[in-house]
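Numbering-wise, the numbering used here comes out as the position in the sequence shown, counting from 1, plus 517.
Where a beta carbon is used, it is the ideal one built from N, C-alpha and C, also for glycine.
See structure below.
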Amino acid sequence: MPRRSTLAGLAAVAAASVVLVGCSSSAEPGASGEAESSGVTLEQVQEAGVLVVGTEGTYSPFSFHEGGAGALTGYDVEVITAVGEQLGVEVEFVETQWDAIFAALDSGRIDVIANQVSITPERQERYLFSEPYTYSTGVLVVPEGSDIASLDDLAGRVSAQSLTSNWAEVARGAGAEVEEVEGFAQAAELLRSGRVDATINDSLTFLDYEQAQGGETGLEAVAETDEVSESAVAMRQGSESLLAAIDEALAALAADGTLAEISQVYFGEDVSQP
Numbered sequence: 518m519p520r521r522s523t524l525a526g527l528a529a530v531a532a533a534s535v536v537l538v539g540c541s542s543s544a545e546p547g548a549s550g551e552a553e554s555s556g557v558t559l560e561q562v563q564e565a566g567v568l569v570v571g572t573e574g575t576y577s578p579f580s581f582h583e584g585g586a587g588a589l590t591g592y593d594v595e596v597i598t599a600v601g602e603q604l605g606v607e608v609e610f611v612e613t614q615w616d617a618i619f620a621a622l623d624s625g626r627i628d629v630i631a632n633q634v635s636i637t638p639e640r641q642e643r644y645l646f647s648e649p650y651t652y653s654t655g656v657l658v659v660p661e662g663s664d665i666a667s668l669d670d671l672a673g674r675v676s677a678q679s680l681t682s683n684w685a686e687v688a689r690g691a692g693a694e695v696e697e698v699e700g701f702a703q704a705a706e707l708l709r710s711g712r713v714d715a716t717i718n719d720s721l722t723f724l725d726y727e728q729a730q731g732g733e734t735g736l737e738a739v740a741e742t743d744e745v746s747e748s749a750v751a752m753r754q755g756s757e758s759l760l761a762a763i764d765e766a767l768a769a770l771a772a773d774g775t776l777a778e779i780s781q782v783y784f785g786e787d788v789s790q791p
């Protein structure tokens, strides 16, 4: 099992990132200037027989197309599909770029968002959120056998980070030099080749990578945050009856083990529980 210790100083940004999904300022409410729609009720959804769900479709392992062109799948896709079954309705996915996904919700083009949307105080002022179905922390990842065991050890080291991520600022704040990468897979390759010393990212990203590599990565997460990021289904104000039904459905899926089973498929562990 990887060594893990408290990652001091990282907790402040952990709740702001699940690989930064749900955190881009350009996707925040009102960014498009579109008029807002009223909420949607459970009765309206059941009368229509369809829950319209906004998701990206390009964000593995949460919402993506198998092989890049196959059927839409992913952790969030399976969770919200199971919720739809509990509600007795079909689920219709509307694939939307992240920068426009809240605008689609505001305008009423979709009923809910299922795309690893982090719950933040700012969003809670404008939107309703279900109970969380994903919990994650930030992790410091290094090659196996590294002498880096905490954020304090990053001073003077090189950390591979996406420059659009808050994790780059965390690495710099710890005194590391940042090597720009496009994503975690590239960071992992640099780590394994010895070209960088570490990378900081969301724990779910690392779990997904471990799953894809069959568990043999040559890397380990040596520290994690105390703060937990929570992701949930987002919907418009005025959708209280739909919210209550979705919460009830999520509770039932947790109780019968469905959420845990879906989690195991995509992450190798249950990320639906704190």
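Check, Outcome
"What's the gap between the Cα of residue 571 and the Cα of residue 610?", "6 Å"
"Return the first residue and the last residue of the beta strand (DSSP E) that residue 491 is part of.", "Because the chain is modelled from 518 through 791, residue 491 falls outside the range shown and cannot be assessed."
"Specify whether the stretch 671-679 and the stretch 702-721 touch according to this definition: at least 3 beta carbon pairs, one from each stretch, less than 8 Å apart.", "yes"
"Tell me the DSSP secondary structure of residue 778 in three-state form.", "helix"
"Among the candidates 565, 595, 556, 563, whose CA atom is the shortest distance from the CA of residue 782?", "595"
"Among the candidates 565, 586, 568, whose CA atom is the shortest distance from the CA of residue 575?", "586"
"Cα-Cα, which of 650, 757, 723, 593 is closest to residue 746?", "650"
"So, do the stretch 635-647 and the stretch 750-763 have three or more beta carbon pairs nearer to each other than 8 Å?", "yes"
"One question on the structure: do residue 592 and residue 791 come within less than 7 Å of each other, judged by their Cβ atoms?", "no"
"Name the one or two DSSP bridge partners that residue 678 has.", "697"
"Using 7 Å as the threshold, is the C-beta distance between residue 599 and residue 770 below it?", "yes"
"Mapping the DSSP letters down to three states, classify residue 581 as helix, strand or coil.", "strand"
"According to DSSP, is residue 791 helix, strand or coil?", "coil"
"Alpha carbon to alpha carbon, what distance is there between residue 627 and residue 569?", "5 Å"
"Alpha carbon to alpha carbon, how far is residue 710 from residue 620?", "42 Å"
"Using the beta-carbon count (16 or more within 10 Å), is residue 794 buried or exposed?", "A query on residue 794 cannot be resolved here, the shown segment of the chain reaching from 518 to 791 and no further."
"Can the beta-carbon of residue 658 be found closer than 7 Å to that of residue 665?", "no"
"Taking residue 722 as part of the alpha helix (DSSP H), name the residues at either end of that continuous run.", "720-729"
"Looking only at DSSP bridge pairs, what is residue 610 linked to?", "570"
"Assign residue 788 to buried or exposed, taking buried as 16 or more other Cβ atoms, counted over all protein chains shown, within 10 Å of its Cβ.", "buried"
"Round the Cβ separation of residue 793 and residue 559 to the nearest angstrom and send it over; I've been treating them as touching at under 8 Å.", "Residue 793 lies beyond the stretch modelled for the chain, which goes from 518 to 791, so this question has no answer here."
"Check residue 742 in the structure and name its three-state DSSP category.", "coil"
"Select from 613, 637, 688, 625 the residue whose C-alpha is nearest the C-alpha of residue 496.", "The chain is shown only over 518 to 791; residue 496 falls outside these bounds and no answer can be derived."
"Could you tell me the distance, in whole angstroms, from the CA atom of residue 654 to the CA atom of residue 602?", "30 Å"
"Applying the 10 Å Cβ sphere with the 16-neighbour rule, what's the burial state of residue 614?", "exposed"
"Does the beta-carbon distance from residue 718 to residue 701 come in below 7 Å?", "yes"
"Please report how far the alpha carbon of residue 741 lies from the alpha carbon of residue 672, in whole angstroms.", "18 Å"
"Write down the C-beta distance between residue 563 and residue 604 rounded to the nearest angstrom, noting that I regard them as a contact closer than 8 Å.", "7 Å"
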